[in-house]
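Each remark here refers to the structure printed beneath this line.
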Ligand code: ADP
Ligand code: MG
């Protein structure tokens with residue numbers, strides 16, 4: 005089956021990508037929704053995981069229903085897979101966590117305004133003192149670091165409290181194991197095992213919405229653990245109350261703990277992340293020179309998903325390494341034309357002003373004019389905030405477009421909205437909605 009998959013990928017990716025990345029791989033086994041592949045180096049494994057993970061999973065699924073993840077390892081194969089197979093046949097006596105990504109540590113997590121609360125909460129849970137909030141519910145859009153934070157908690161706990169049984173898995177894997185237990189008539193074992201962990205982490209819980217029996221089982225597991233005062237950590241792509249088809253009783257239990265969200269990244273955070281990731285890539289690939297303005301350019305242009313930003317940087321590193329030259333802005337244009345094109349939709353300050361005026365039903369001339377009444381001033385500040393966030397204009401440039409205002413006025417407006425976002429739910433929603441409208 006691997007030869008079939010690999011043949012399909014050869015057609016899709018072309019000969020040179022195929023030769024570099026796919027051909028050297030060897031599928032060793034599939035177990036518990038995870039396919040293990042042997043790669044000639046960690047770099048190749050990382051690369052394939054980052055760029056082709058979903059493509060490969062989708063194809064392997066034809067033969068392996070329930071497959072959700074690829075795991076790469078370097079060097080001689082076999083042993084672990086054989087062990088895993090023996091374990092499942094004899095009904096496992098401990099639950100194995102899904103594989104953790106070694107680089108997803110707290111050290112490698114860059115903290116900025118948009119994620120500081122989530123980071124602090126994750127840190128606290130990882131200290132494994134008395135349970136302070138249960139569950140911890142982390143939510144936010146794709147690629148903002150939910151999985152990274154959960155793995156970081158798991159790593160930290162494994163270090164400081166090896167006696168604790170920490171179980172991390174995706175909601176999809178939870179369902180898969182549950183269905184498997186039903187099929188194999190091992191549901192009692194399943195229940196006992198899940199109730200015996202000390203810390204349970206379930207990633208992307210929105211997945212079980214609408215899946216009735218899995219939700220039911222999840223709810224019981226959840227309650228049993230909370231009753232025993234065991235820590236639970238959940239992530240989702242949106243707030244508990246906003247997950248469609250999630251049972252009300254589950255939603256309300258989720259809300260009993262601490263619910264924190266990861267906001268979309270801002271420019272400073274993206275810049276910080278790029279610097280940190282560059283240091284990490286340099287460790288595995290060797291040092292690479294990064295020319296002036298490259299990080300700044302990337303942080304401006306690739307704004308939605310940190311994973312994409314990271315993939316772009318990795319590609320630049322690989323390329324620069326290959327040709328032995330520093331990363332320049334020209335190289336960025338050449339190498340990343342596909343990514344840049346797809347994030348091309350540049351929003352203009354004028355567009356923002358128009359959309360915001362429409363949304364709040366005020367005149368564009370009032371937005372730009374001198375009126376200070378709240379019903380005009382607030383939308384104006386929101387527009388300033390969005391202009392700062394979504395365009396690469398400087399504060400003075402934005403000021404000029406707001407009827408010649410001073411850059412300090414713009415800064416004040418931006419700060420004001422930033423501040424209010426955390427207390428004023430309505431305003432936060434308006435801002436999110438407008439951002440989405442402007443970016444779509
Ligand atoms: P999510 O689970 O929210 O979709 P991930 O945790 O998988 O997102 O993050 C996507 C990628 O972005 C990962 O490689 C992760 O390391 C990286 N990332 C996201 N936020 C940060 C951050 N604050 N610092 C460092 N890396 C980050
Ligand atoms: Mg994730």
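Numbering (full-length UniProt numbering), first residue to last: 5 to 444.
Just so it is clear, CB atoms sit at the ideal spot from N, CA and C, and this is done for glycine as well.
Simplified DSSP state of residue i, which is helix, strand or coil
i           : result
residue 321 : helix
residue 203 : strand
residue 407 : coil
residue 27  : coil
residue 35  : strand
residue 353 : helix
residue 276 : helix
residue 132 : coil
residue 43  : strand
residue 105 : coil
residue 331 : strand
residue 110 : coil
residue 312 : helix
residue 361 : helix
residue 294 : strand
residue 247 : coil
residue 375 : coil
residue 270 : coil
residue 147 : coil
residue 425 : helix
residue 68  : coil
residue 187 : helix
residue 283 : helix
residue 100 : coil
residue 126 : helix
residue 398 : coil
residue 167 : coil
Nonlocal neighbours in the same chain, by C-beta distance under 6 Å from residue i, ignoring five residues either side
i           : result
residue 194 : 185
residue 110 : 156
residue 6   : 31
residue 323 : 339
residue 221 : 182
residue 56  : none
residue 10  : 26
residue 238 : 139, 141, 206, 209
Segment limits, beta strand (DSSP E) that includes residue i
i           : result
residue 239 : 235 to 240
residue 174 : 170 to 174
residue 265 : 262 to 266
residue 75  : 73 to 78
residue 140 : 140 to 144
Distance between beta carbons of residue j and residue i, contact taken as under 8 Å
i           : j           : result
residue 333 : residue 277 : Rounded, the Cβ-Cβ distance is 19 Å, inconsistent with contact.
residue 116 : residue 265 : Incorrect: roughly 14 Å between the Cβ atoms, too far for contact.
residue 262 : residue 125 : 6 Å
residue 438 : residue 360 : 6 Å
residue 136 : residue 108 : Actually they do not touch by this definition, with Cβ atoms about 23 Å apart.
residue 76  : residue 61  : Contact doesn't hold; Cβ gap of about 13 Å is too wide.
residue 202 : residue 170 : 7 Å
residue 304 : residue 396 : 5 Å
residue 141 : residue 244 : 6 Å
residue 40  : residue 49  : Not a contact, Cβ separation roughly 11 Å.
residue 391 : residue 353 : 5 Å
Any non-hydrogen atom of the ligand SAM closer than 7 Å to residue i Cβ
i           : result
residue 144 : By its list of ligands, the structure shown excludes the ligand SAM, since it contains just the ligand ADP and the ligand MG.
Proximal residues to residue i (C-beta, below 7 Å), its chain only, five neighbours per side dropped
i           : result
residue 325 : 289, 290, 292
residue 358 : 368
residue 70  : 37, 180
residue 385 : 417, 420, 421
residue 191 : 185
residue 229 : 199, 204, 236
residue 309 : 146, 147
residue 47  : 288, 289
residue 299 : 275, 278, 279
Same chain, Cβ closer than 8 Å to residue i, neighbours up to 5 away in sequence not counted
i           : result
residue 227 : 257
residue 280 : 112, 114
residue 255 : 244, 245, 247
residue 317 : 278, 281, 282, 285, 302
residue 93  : For residue 93, the predicted model reports a pLDDT of 43, less than 50, meaning its position is unreliable and no value from the coordinates is stated.
Continuous alpha helix (DSSP H) stretch holding residue i: start and end
i           : result
residue 13  : 6 to 17
residue 229 : 216 to 231
residue 385 : 378 to 394
residue 61  : 46 to 64
residue 433 : 429 to 443
residue 301 : 298 to 305
residue 156 : 150 to 164
residue 372 : 368 to 372
residue 344 : 341 to 346
residue 252 : 252 to 258
Heavy atoms of the ligand MG versus C-beta positions, residues under 7 Å: Residue selection by CB proximity (closer than 7 Å to any heavy atom of the ligand MG) returns 150, 151, 207, 208, 239 in chain order.
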